[in-house]
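Top to bottom, those sequences are chains B and U.
All letters in the first sequence, in the order written, are residues 7 to 425 by our numbering.
All letters in the second sequence, in the order written, are residues 7 to 425 by our numbering.
Beta carbons are placed, not taken as given, at the ideal position from N, Cα and C, and that holds for glycine.
Protein chains: 2
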Amino acid sequence: MATKNAFYAQSGGVTAVINSSACGVIETARKHSSEIGTVFAGRNGIIGALTEDLIDTTQESDTAIAALRHTPSGAFGSCRYKLKSLEQNRREYERLIEVFKAHDIGYFFYNGGGDSADTCLKVSQLSEKIGVPIQAIHVPKTVDNDLPITDNCPGFGSVAKYIAVSTREASFDVRSMAKTSTKVFVLEVMGRHAGWIAAAGGLASDANTKIPIVILFPEVVFDRDRFLAKVDSLVKEFGYCSVVVSEGVKSPDGKFLADQGLKDAFGHAQLGGVAPVVADIVREGLGLKYHWGVADYLQRAARHIASKTDVEQAYAMGKAAVELALAGKNSVMPTIVRKSSQPYAWEVGAAALADVANVEKMMPKDFISDDGFEITKGCREYLTPLIQGEDYPPYKDGLPDYVTLKNVAVEKKLPEFKL
Amino acid sequence: MATKNAFYAQSGGVTAVINSSACGVIETARKHSSEIGTVFAGRNGIIGALTEDLIDTTQESDTAIAALRHTPSGAFGSCRYKLKSLEQNRREYERLIEVFKAHDIGYFFYNGGGDSADTCLKVSQLSEKIGVPIQAIHVPKTVDNDLPITDNCPGFGSVAKYIAVSTREASFDVRSMAKTSTKVFVLEVMGRHAGWIAAAGGLASDANTKIPIVILFPEVVFDRDRFLAKVDSLVKEFGYCSVVVSEGVKSPDGKFLADQGLKDAFGHAQLGGVAPVVADIVREGLGLKYHWGVADYLQRAARHIASKTDVEQAYAMGKAAVELALAGKNSVMPTIVRKSSQPYAWEVGAAALADVANVEKMMPKDFISDDGFEITKGCREYLTPLIQGEDYPPYKDGLPDYVTLKNVAVEKKLPEFKL
Chain B
7 MATKNAFYAQ SGGVTAVINS SACGVIETAR KHSSEIGTVF AGRNGIIGAL TEDLIDTTQE
67 SDTAIAALRH TPSGAFGSCR YKLKSLEQNR REYERLIEVF KAHDIGYFFY NGGGDSADTC
127 LKVSQLSEKI GVPIQAIHVP KTVDNDLPIT DNCPGFGSVA KYIAVSTREA SFDVRSMAKT
187 STKVFVLEVM GRHAGWIAAA GGLASDANTK IPIVILFPEV VFDRDRFLAK VDSLVKEFGY
247 CSVVVSEGVK SPDGKFLADQ GLKDAFGHAQ LGGVAPVVAD IVREGLGLKY HWGVADYLQR
307 AARHIASKTD VEQAYAMGKA AVELALAGKN SVMPTIVRKS SQPYAWEVGA AALADVANVE
367 KMMPKDFISD DGFEITKGCR EYLTPLIQGE DYPPYKDGLP DYVTLKNVAV EKKLPEFKL
Chain U
7 MATKNAFYAQ SGGVTAVINS SACGVIETAR KHSSEIGTVF AGRNGIIGAL TEDLIDTTQE
67 SDTAIAALRH TPSGAFGSCR YKLKSLEQNR REYERLIEVF KAHDIGYFFY NGGGDSADTC
127 LKVSQLSEKI GVPIQAIHVP KTVDNDLPIT DNCPGFGSVA KYIAVSTREA SFDVRSMAKT
187 STKVFVLEVM GRHAGWIAAA GGLASDANTK IPIVILFPEV VFDRDRFLAK VDSLVKEFGY
247 CSVVVSEGVK SPDGKFLADQ GLKDAFGHAQ LGGVAPVVAD IVREGLGLKY HWGVADYLQR
307 AARHIASKTD VEQAYAMGKA AVELALAGKN SVMPTIVRKS SQPYAWEVGA AALADVANVE
367 KMMPKDFISD DGFEITKGCR EYLTPLIQGE DYPPYKDGLP DYVTLKNVAV EKKLPEFKL
């Protein structure tokens, strides 16, 4: 087997553990130096490949690469840049292959969600046609947990843990204050299309620690009266309640609930979050004192409270991607296969990219309670293993000691390419 | 020395470590059972004393009390209920003393901020006059870090750590995405009067991990043009920046910046947070893509990432309060005395409540940089020790195993009292 170089890129919104996958790819490649030469990384994701802005990861020490495992965000930079279809923009795909050829790259590891799986598939198809064979392996990553076939997506478990922990903590706070102050706390979480992350808020309450939580899923059209009745009944029973609201919740008119037509003093439209909107509905409808929070990037960057399961799976996906490549596979994605929920057992599988690309996995309907405000036992059974275990980063001076790589650029060999 | 019972209550906004002080009070009292009989706690703070709604802490096991050390929020309930002055409402003070007398309470431990220090002082003064001697000891607590004499306040260090860690993590996220997506992240933090918590955001950047951060302090009047120029220059240099904004930042007209006169589609006034306002100023002024978050209760409830220093100091304050009482002291508050910043060394001191009540400690002017957007070396030297060390709670099923006490009510002996 001739030595070929590899290319690794991070795609889309970053997570607390995508660098753990990068660590898995690079460490595994380093162990197979007779088959894989240099691992290049794309600076700012696929844009780095298109513009031939490659990073030479051999310039990074083993220690620095190992530290990726405990460092959140995308160490090489990521991007939101969706390649159009082959028909619409063959030029970009050809450029990718041209860059790979120029740098003797035979392995393409693309770490992302649905869009990048699609890009991966197309690069593999086109490279075969052109006669510049490139083994394209997709490494799954998305906090949205919406990739098919794999039981779950690396990145999701850590957001889920962050939201579950934060909801429990904030709920304890509200419970303490409810007698004379705040009775309802509203937490806005990510998830524009699917309620996976919102569902994780439901884990804050369990048999030992009962917390009244109302979840607003994007799968359930917001019904103001039913919502207020639910909050009212919980506050009457428990003295307080927490509301976990997905940013993607929609009004009966099909618009995002967050889009309330707010105008500033000058009449300019303002788009706030959905949390203040829901809080205001509570104030207006029930006259209860509220607080609200918006976790935003904090939730997906929170490596300090990452799920150990998630960190391990993210690493395993990176490692497996390289192993699949070495085994001669192409157009595949390693997957997480659940063998058992209690006790949790999983193993690494593989899926054909043709089955992954352009398929969005939604949350099963039976994960949401009949009244639309809670998670079911089945949902809890699915989610619980994914937040298991803590994997604390090292600390220095009271702060997590995250690594910033040198990211040394590789000399360019090709003419400039305009995006 | 005759055995007397003790009363403990939590006051005002709760913190990640106020229960650690409760733990210090109760564990220390249990060790001195010949002098201190039952420790009663006020259900929902001082309201519990006024309404004779006392909790019998002897019903809680040693294990449950020990678990308070790692449990955020107020385990007995807190309240926002400020007693008026003695002249305006002598009735309430007399009722407190009446309840204390009925339950043979000779020690009053009040765990809170400036207001509760004042209440503590007055109870002590009045009880002496009436001839029902009660030793009133104030246990310092406030995330606002605004109590005088003590070097810092338990509760603050953990919020500071949470904000520093979160700002670092979110900044890593933005740095990854800045090429094609978000360039400015705005995080709103607590602090209506003083910028202590906002200042902690500045710790996210240090010699090893340089992060461009703009801090908006309540001490500095917001100047739109200068702010935009600062953000613009940082984004040009680093490609991105983070903004940490205190909820208390004010416009030149003296109003809160958060109060932007937002109106909904029906013309109703909406009060959002300050983060979306600042984010919108960035969008309008520089056309940069932004994200914003509001940590709200998450920041002060985040026991999962509490500062070990803070947990230890909170416990030490509770313990010292009991020891001061046993030494016959009255109208005092244990304090944290800094002996050295590098290496950090502190010891327990004591302050007369007459010197504590109604004095608010502001952030020193020389803690803010000349341009008003950063912390100085002096500020960093003060803050850094306070976030040192991690003190992780135990976990169960992926979530922190926080205790919920039984909170068994004590039989009432007095007629009802209307608040």
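Are the Cβ atoms of Ala307 (chain U) and Glu396 (chain B) separated by less than 7 angstroms? Numbered from 1 along the second sequence, position 301 holds the residue referred to as residue 307 (chain U). Numbered from 1 along the first sequence, position 390 holds the residue referred to as residue 396 (chain B). No.
Anyone know if the C-beta pair for Val226 (chain B) and Ala285 (chain B) falls short of 7 angstroms? In the first sequence, the residue the question calls residue 226 (chain B) occupies position 220. In the first sequence, the residue the question calls residue 285 (chain B) occupies position 279. Val226 (chain B) places its beta carbon 7 angstroms or farther from that of Ala285 (chain B).
Counting only Cβ pairs nearer than 8 angstroms, list the residues of chain B close to Val171 (chain U). Translated into positions along the second sequence, residue 171 (chain U) becomes position 165. Neighbourhood of Val171 (chain U) in chain B, by CB distance below 8 angstroms: His310, Leu405 and Pro406, in chain order.
Within chain U, the residues that Ile78 (chain B) reaches when beta carbons sit closer than 8 angstroms: The residue you call residue 78 (chain B) lines up with position 72 of the first sequence. At residue 78 (chain B) the sequence reads Pro, which differs from the Ile that was named. Listed along chain U are Glu175, Phe178 and Asp179, each with a C-beta nearer than 8 angstroms to that of Pro78 (chain B).
Proximal residues, the stretch 82-98 of chain B versus chain U, C-beta separation under 7 angstroms: Correct list: Gly83, Ser84, Cys85, Arg86 and Tyr87.
Check each residue of the stretch 290-303 of chain B: if its Cβ is closer than 9 angstroms to any Cβ of chain U, include it; give the result in chain order. Cβ contacts with chain U come from Glu290, His297, Trp298, Gly299, Val300, Ala301, Asp302 and Tyr303.
Contact list for Leu209 (chain B) against chain U, beta-carbon separation under 9 angstroms: For the purposes of this step, residue 209 (chain B) is taken as residue 203 along the first sequence, with counting starting at 1. In chain order: Asp403, Gly404 and Leu405.
Give me, in chain order, the residues of the same chain whose beta-carbon lies closer than 8 angstroms to that of Val377 (chain B); leave out the 5 immediate sequence neighbours on both sides. By 1-based counting over the first sequence, the position of residue 377 (chain B) is 371. The sequence shown places Asp at residue 377 (chain B), rather than the Val named in the question. When the five nearest sequence neighbours on each side are left out, the beta carbons in the same chain lying within less than 8 angstroms of the beta carbon of Asp377 (chain B) are those of Arg232 and Lys236, in order along the chain.
Just reading off the beta strand (DSSP E) that Ala357 (chain U) is part of, what are its end residues? Taking the second sequence and counting its residues from 1, the one referred to as residue 357 (chain U) is at position 351. Its beta strand (DSSP E) spans residues Tyr350 to Ala358.
Distance, Cα to Cα, Gly148 (chain U) vs Ser91 (chain B)? For this step, residue 148 (chain U) is matched to residue 142 along the second sequence. For this step, residue 91 (chain B) is matched to residue 85 along the first sequence. Residue identity differs from the one stated: residue 148 (chain U) is Thr in this sequence, not Gly. When rounded, the distance between both Cα atoms is 57 angstroms.
Between the C-alpha atoms of Arg309 (chain B) and Ala357 (chain B), what's the straight-line distance to the nearest angstrom? Here the question's residue 309 (chain B) lines up with position 303 in the first sequence. Here the question's residue 357 (chain B) lines up with position 351 in the first sequence. The alpha-carbon of Arg309 (chain B) is positioned some 28 angstroms away from that of Ala357 (chain B).
Between Pro297 (chain U) and Asp121 (chain B), which are expected to be in contact by the criterion C-beta below 8 angstroms, what is the C-beta distance as a whole number of angstroms? If you number the second sequence from 1, residue 297 (chain U) lands on position 291. If you number the first sequence from 1, residue 121 (chain B) lands on position 115. Note that residue 297 (chain U) corresponds to His in the displayed sequence, not to Pro. Their Cβ separation, rounded to whole angstroms, is 20 angstroms, which puts His297 (chain U) and Asp121 (chain B) out of contact at 8 angstroms.
Grouping DSSP H, G and I as helix and E and B as strand, with all else coil, what is Glu290 (chain B)? Counting from one through the first sequence, the residue named residue 290 (chain B) turns up at place 284. Reduced to three states, the DSSP call for Glu290 (chain B) is helix.
Bridge partners for Asn214 (chain B) per DSSP, in chain order? Within the first sequence, residue 214 (chain B) is the residue found at index 208, counting from 1. For Asn214 (chain B), which the question treats as bridged, DSSP gives no partner whatsoever.
DSSP puts Ala344 (chain B) in a beta bridge; with which residues? By 1-based counting over the first sequence, the position of residue 344 (chain B) is 338. It should be noted that the sequence gives Arg, not Ala, for residue 344 (chain B). According to DSSP, which records beta bridges pairwise, Arg344 (chain B) is partnered with B:Trp352.
Residues of its chain near Lys468 (chain B), where Cβ-Cβ distance is below 8 angstroms and the 5 sequence neighbours each way are ignored: An answer regarding residue 468 (chain B) cannot be provided, because it is not within the stretch 7 to 425 covered by chain B.
How would you call Thr390 (chain B), buried or exposed, if buried means at least 16 neighbouring beta carbons within 10 angstroms? Taking the first sequence and counting its residues from 1, one reaches residue 390 (chain B) at position 384. By the neighbour-count rule (16 or more Cβ atoms within 10 Å), Thr390 (chain B) is buried.
Which chain B residues sit within Cβ distance under 9 angstroms of Asp397 (chain U)? Here residue 397 (chain U) refers to the residue found at position 391 of the second sequence. Correct list: empty, because the minimum Cβ distance to chain B is about 11 angstroms.
I'd like to know whether the C-beta of Gln319 (chain U) is nearer than 7 angstroms to at least one C-beta of chain B. On the second sequence, position 313 is the one that residue 319 (chain U) refers to. Not one chain B Cβ lies under 7 angstroms of Gln319 (chain U).
Out of curiosity, what's the CA-to-CA distance linking Tyr113 (chain B) and Thr34 (chain B)? Here residue 113 (chain B) refers to the residue found at position 107 when the first sequence is read from its first residue. Here residue 34 (chain B) refers to the residue found at position 28 when the first sequence is read from its first residue. Cα to Cα, the separation comes out at about 13 angstroms.
For Ala320 (chain U) and Pro160 (chain U), I'd like the C-alpha separation in whole angstroms. Here residue 320 (chain U) refers to the residue found at position 314 when the second sequence is read from its first residue. Here residue 160 (chain U) refers to the residue found at position 154 when the second sequence is read from its first residue. The alpha-carbon separation between Ala320 (chain U) and Pro160 (chain U) amounts to approximately 5 angstroms.
Applying the 10 Å Cβ sphere with the 16-neighbour rule, what's the burial state of Gln16 (chain U)? What you label residue 16 (chain U) is simply residue 10 of the second sequence in a count that begins at 1. By the Cβ-count criterion, Gln16 (chain U) is buried, with 16 or more other Cβ atoms from all chains shown falling within 10 Å of its own Cβ.
Cα-Cα separation between Val171 (chain U) and Glu93 (chain U), rounded to whole angstroms: Here the question's residue 171 (chain U) lines up with position 165 in the second sequence. Here the question's residue 93 (chain U) lines up with position 87 in the second sequence. When rounded, the distance between both Cα atoms is 46 angstroms.
Assuming Val250 (chain U) and Ala204 (chain U) form a contact by the criterion Cβ under 8 angstroms, report the distance between their Cβ atoms to the nearest whole angstrom. Translated into positions along the second sequence, residue 250 (chain U) becomes position 244. Translated into positions along the second sequence, residue 204 (chain U) becomes position 198. Indeed, because the Cβ distance is near 5 angstroms, the residues count as touching under 8 angstroms.
Give the C-beta separation of Gly201 (chain U) and Ser252 (chain U) to the nearest angstrom, bearing in mind that I take them to be a contact with Cβ-Cβ under 8 angstroms. Here the question's residue 201 (chain U) lines up with position 195 in the second sequence. Here the question's residue 252 (chain U) lines up with position 246 in the second sequence. Contact flag correct, Cβ pair sits at about 5 angstroms.
How far does the beta strand (DSSP E) with Lys10 (chain U) in it extend, from its first residue to its last? By 1-based counting over the second sequence, the position of residue 10 (chain U) is 4. Residues Lys10 to Gln16.
Can you tell me where the beta strand (DSSP E) holding Gly43 (chain U) begins and where it ends? Counting from one through the second sequence, the residue named residue 43 (chain U) turns up at place 37. Boundaries of the beta strand (DSSP E) harbouring Gly43 (chain U): Ile42 to Gly48, taken from the DSSP string.
If the cut is a Cβ gap below 8 angstroms, which residues of chain B does Asn413 (chain U) touch? Position 407 of the second sequence, counted from the start, is the residue given in the question as residue 413 (chain U). Correct list: empty, because the minimum Cβ distance to chain B is about 11 angstroms.
Cα separation between Glu98 (chain B) and Ala123 (chain B)? Along the first sequence, one-based indexing puts residue 98 (chain B) at 92. Along the first sequence, one-based indexing puts residue 123 (chain B) at 117. Whole-angstrom Cα-Cα distance: 16 angstroms.
Does the beta-carbon of Ser79 (chain B) have 16 or more other beta-carbons within 10 angstroms, so that it is buried, or is it exposed? Position 73 of the first sequence, counting from 1, holds the residue named residue 79 (chain B). It counts as buried.
Positions along the stretch 318-349 of chain B whose CB lies within less than 7 angstroms of some CB in chain U: Taking 7 angstroms as the Cβ-Cβ cut-off, the stretch 318-349 of chain B has no residue approaching chain U.
Based on Cα-Cα distance, which residue from B:Ile381, B:Gly119 and B:Thr125 lies nearest to Glu156 (chain B)? By 1-based counting over the first sequence, the position of residue 156 (chain B) is 150. In the sequence under discussion, the amino acid at residue 156 (chain B) is Thr, which differs from the Glu named in the question. Measuring from the Cα of Thr156 (chain B), the nearest candidate turns out to be B:Gly119.
Could you give the distance in angstroms between the alpha-carbon of Phe373 (chain B) and the alpha-carbon of Glu387 (chain B)? Taking the first residue of the first sequence as 1, we reach residue 373 (chain B) at position 367. Taking the first residue of the first sequence as 1, we reach residue 387 (chain B) at position 381. A direct Cα-Cα distance of roughly 10 angstroms separates Phe373 (chain B) from Glu387 (chain B).
Going by the CB atoms, is the gap between Leu392 (chain B) and Gly83 (chain B) shorter than 7 angstroms? The count along the first sequence starts at 1 and reaches residue 83 (chain B) at position 77. The count along the first sequence starts at 1 and reaches residue 392 (chain B) at position 386. No, they are not a contact pair.
Counting C-beta neighbours from all protein chains within 10 Å, is the total for Pro421 (chain U) 16 or more, i.e. buried, or is it exposed? Taking the first residue of the second sequence as position 1, residue 421 (chain U) is located at position 415. When all chains shown are included, Pro421 (chain U) counts as exposed.
In terms of alpha-carbon separation, which member of B:Thr188, B:Lys88, B:Tyr116 and B:Glu66 lies closest to Tyr246 (chain B)? The residue labelled residue 246 (chain B) in the question sits at position 240 within the first sequence. Looking at the Cα atoms, B:Thr188 is the closest of the given residues.
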